[in-house]
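Since the structure comes first, as structure tokens, the remarks are kept for the end.
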Amino acid sequence: MFSEEEIQKVEELKSHYPSNLSAVMGTLHMMQDKYGMISDEAITYVAKLLDVPEEKVLGVVTFYEMYHQHKTGKFKLQVCTNVSCMLRGSDMVLQTIKDKIGIGIGEMTDDTVFSVHEAECLGSCGTAPMMSVNKDYHENLTPEKINELIDALKAKA
Amino acid sequence: MTDYQPVLLPGTPDLHKIDVYEQHGGYQQARKAMGMTPEEIIEIVKGSGLRGRGGAAFPTGLKWSFMPKDGEKPSYLCVNGDESEPGSFKDRQIFEFNPHLMIEGILITGRALRIKAAYIYIRGEYEAWVQMVEKAVADAYAKGYVGEKMKETFGVDFSCEIYVHRGAGAYICGEESSLMNSIEGIRPYPRVKPPFPAQVGLWGCPTTINNVETIANVPVILDKGPDWFKSIGAEKHPGPILYGISGHVNKPGVYDLPTGMLLTELINDVAGGVPNGKKIKMVIPGGSSMPPLRGDELEGVRMDAESLKEVGSAIGTAGIMVMDEDTDLTRILTRITHFYKVESCGQCTPCREGTGWMLKVLNRMLEGNGTPSDLDLLHDVANNIEGNTVCALGDAAAWPVKFTIERFRKELEAELER
Ligand SMILES: Cc1cc2nc3c(=O)[nH]c(=O)nc-3n(C[C@H](O)[C@H](O)[C@H](O)COP(=O)(O)O)c2cc1C
Ligand code: SF4
Ligand code: FES
């Protein structure tokens, strides 16, 4: 499931720790980025690659929010609804998204381009309201900014 | 403190680049530290009065002195950049604008604690910032400031490695023992203490865990001296601190200022006051886990551990959340409780079950089906969580509920009427 180059990267990761188990998280991040989810096959593959028990890898996958065992949209809109964002308009953010692409929290568009997720505080409280789209942060959101952003993402889809 | 000049985030253009950092005296304090004994460094940090910026305000020099001076096992440093407490967004600024200050702090701390390696733990969602820090670490290696080459660069018989470990979305991993389990690659349930990390930490070896901002203060102490540091801000909790001000203020953001400033000055002057001249209903002074204060009781309250303790709260991460007079407290409390419920690792029954019950009751109140006795019920449940759990997330979940009920009962009862 990994290229030669990716396997090299895993080797480098392993060298950071006295135990291969520690490299599980980093390797899973690479899987998640490459395939957009962590499949059963990926869990077996990572366990073999790192020579660690499969249950251990599964235990890590299921604990953390960022490893998905199911497909999400190509663009994951993670809207922070925690306190500082709520105070500054996370309701507006969700409503604008809903008006624009017709979906709310926990839903995905039929073409699987977008999914919307409720996020906990993402460490951008001073530039609230905010959401992240995959790894990018979008801050100080307004309805105009959100509409423009979604148009730009649609063009890239 | 009008003459205070920011030192953690001085605003120097391109300071995140290693060449610029060096031009401004960067890595000179690491050089100085390599010529000192570990004990000398620890004494200086003790003398500065530096206290941890990660939440508990524990004296840093004292924490370091718990580490063994010799032994068979290697020692480790974990730099805590999990930054997932709602209302906290300061460490990200160091990653982005002054990462070498943190790296230099790691080298000095590393020398003081005789470490083999340091792990900078960064929350998974900060992927872009992970890359920035990885770049800064790689540049420091390339210049010979980190790793084997240190010996030659600094002419010292000591070296340590620095690695970045990326989290994957779990607030609990900011708790120090959970963080260590996360680095070890096992399910990150907090550990029962004792034993404490200085004895049994990462891979069973002596370990110290410090917040990113704590570590960033270390080169500043060596540069300006412990007496300078002690003279900044509050006497018992001195030094520069990053205040993160959010919510209903005109100029939210992170501000590098002395500890011990008046909350009212921070809100009204530094952060530009409340929009539309509204009154303040509630302020949470240190991230969502800390007991909230009434807006009409802020006069004279200062942002340091002692002053906040006096008024029944705590400094936490110095993330100040401001809520104006129109804020729906039931909704805020529900959202905060939702956070702790989903972030509870589930290991202790009071935390796992208690957060669920509280959320159920709060949701009932939010839907207009609550009664005043629900407030007593909530208070009871919170009391049963507090102090009865393996880690401090339990208290963090209990405090907002308990103290909001104690301090805002009238307001909450009025909201029940809707
Ligand atoms: C649930 C929970 C989450 C925490 N999250 C963080 C965090 O994100 N960053 C941090 O520095 N400390 C966090 N802490 C505090 C750490 O356990 C630890 O006290 C701190 O990193 C020590 O650093 P300091 O002495 O430099 O403050 C958290 C504690 C708890 C109980
Ligand atoms: S208090 Fe909560 S988060 Fe902490 S160990 Fe217990 S169940 Fe887990
Ligand atoms: S509350 Fe939304 S980023 Fe912190």
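Going down the list, the sequences are from chains A and B. Counted from 1, the first sequence has number 142 at position 142 by the numbering used here; the numbering is strictly sequential. Counted from 1, the second sequence has number 335 at position 178 by the numbering used here; the numbering is strictly sequential. Every residue, glycine too, gets a C-beta built ideally from N, C-alpha and C.
Taking all protein chains shown into account, do 16 or more other C-beta atoms lie within 10 angstroms of the C-beta of residue i, making it buried, or fewer, making it exposed?
| i | result |
| --- | --- |
| B/Thr194 | exposed |
| B/Arg575 | exposed |
| B/Val321 | buried |
| B/Gly168 | exposed |
| B/Asn368 | buried |
| B/Thr528 | exposed |
| A/Phe75 | buried |
| B/Tyr412 | buried |
| B/Gln162 | exposed |
| B/Phe634 | The requested residue 634 of chain B does not occur in the structure, where chain B is confined to residues 158 to 575. |
| A/Thr27 | buried |
| B/Ser205 | buried |
| A/Ile43 | buried |
| A/Thr62 | exposed |
| B/Phe565 | buried |
| B/Phe215 | exposed |
| A/Val46 | buried |
| A/Ser15 | exposed |
| A/Ala155 | exposed |
Can you name, in chain order, every residue of its own chain whose Cβ lies under 6 Å from the Cβ of residue i, other than the five neighbours on each side?
| i | result |
| --- | --- |
| A/Thr178 | Residue 178 of chain A is absent from the model: chain A starts at 1 and stops at 157. |
| A/Ile146 | Thr96 |
| B/Asp556 | The question names Asp, but residue 556 of chain B in the sequence shown is Trp. If we look at B/Trp556 and ignore the five residues flanking it on each side, its Cβ neighbours are Pro448. |
| B/Met478 | Gly244, Ser403, Gly404 and Ile441 |
| B/Arg509 | Ser501 and Gly503 |
| B/Pro409 | Ile402 and Ser403 |
If I follow the unbroken alpha helix (DSSP H) through residue i, where does it start and stop?
| i | result |
| --- | --- |
| B/His495 | Leu486 to Glu500 |
| B/Ile198 | Pro195 to Ser205 |
| B/Ile340 | Glu333 to Glu341 |
| B/Lys436 | B/Lys436 -> no alpha helix (DSSP H), and no H or E assigned at all. |
| B/Asp481 | Premise fails: B/Asp481 lies in the beta strand (DSSP E), Gly476 to Asp481, not in any alpha helix (DSSP H). |
| B/Asn541 | Pro529 to Ile542 |
| A/Val216 | One cannot answer for residue 216 of chain A here, as it falls past the ends of chain A, which runs 1 to 157. |
| B/Pro557 | Leu550 to Arg564 |
| B/Glu510 | Thr506 to Leu523 |
| B/Thr546 | Careful: B/Thr546 lies outside any alpha helix (DSSP H) and carries neither H nor E. |
Kindly list the residues whose CB is nearer than 8 Å to the CB of residue i, restricted to its own chain and excluding five residues on each side of it in sequence; keep chain order.
| i | result |
| --- | --- |
| B/Leu118 | Only positions 158 to 575 of chain B appear in the structure, and residue 118 of chain B is not among them; the question remains open. |
| B/Leu219 | Lys203 |
| B/Arg464 | Strictly speaking, residue 464 of chain B in this sequence is Ser, with Arg absent from that position. The answer, listed in chain order, is Ala391, Gly417 and Val458. |
| A/Glu150 | Contrary to the premise, residue 150 of chain A reads as Ile rather than Glu in this sequence. Answer for A/Ile150: Ile97, Lys100, Ile101 and Phe114, listed in chain order. |
| B/Arg289 | It should be noted that the sequence gives Met, not Arg, for residue 289 of chain B. So the list reads His173, Phe252, Glu253 and Pro256, once near-sequence residues are dropped. |
| B/Gly430 | Val406, Asn407 and Ile424 |
Closer than 7 Å by C-beta to residue i: which residues in its own chain qualify, once you throw out the five before and the five after it? Chain order, please.
| i | result |
| --- | --- |
| B/Asp296 | Ile175 |
| B/Ser316 | Gly304, Glu305, Met307 and Lys308 |
| B/Trp596 | There is simply no residue 596 of chain B to check, as chain B begins at 158 and stops at 575 in what is shown. |
| B/Ile272 | Ser232, Tyr233, Leu234 and Cys317 |
| B/Ile372 | Val236, Met259, Gly262, Ile263 and Thr266 |
Just to confirm the assignment, what range does the beta strand (DSSP E) spanning residue i have?
| i | result |
| --- | --- |
| B/Thr365 | Thr364 to Asn368 |
| A/Gln78 | Phe75 to Cys80 |
| B/Leu234 | Ser232 to Gly238 |
Does residue i get closer than 8 Å to chain D when you measure Cβ to Cβ?
| i | result |
| --- | --- |
| A/Lys135 | No chain D is part of this structure, whose protein chains are labelled A and B. |
Pick out the complete alpha helix (DSSP H) segments inside the stretch 261-331 of chain B, 4 residues or longer, and give them in chain order. The stretch 261-331 of chain B contains these whole alpha helix (DSSP H) runs: 284-299 and 307-311.
Could you please go through the chain and list the residues whose beta-carbon is closer than 6 Å to any non-hydrogen atom of ligand 2? Applying a distance threshold of 6 Å between residue Cβ atoms and the heavy atoms of ligand 2 selects B/Ile329, B/Pro347, B/Ser501, B/Cys502, B/Gly503, B/Gln504, B/Cys505, B/Cys508, B/Arg509, B/Thr546, B/Val547, B/Cys548, B/Leu550 and B/Gly551, given in chain order.
Note down, one range per segment and in chain order, each beta strand (DSSP E) of at least 3 residues found wholly within the stretch 71-155 of chain A. As summarised for the stretch 71-155 of chain A, the continuous beta strand (DSSP E) elements at least 3 residues long and confined to that stretch are 75-80, 114-119, 131-133 and 136-138, given in chain order.
Within the stretch 343-411 of chain B, ranges of the alpha helix (DSSP H) (whole runs, at least 4 residues): Segments of the alpha helix (DSSP H) lying fully in the stretch 343-411 of chain B: 369-381 and 383-388.
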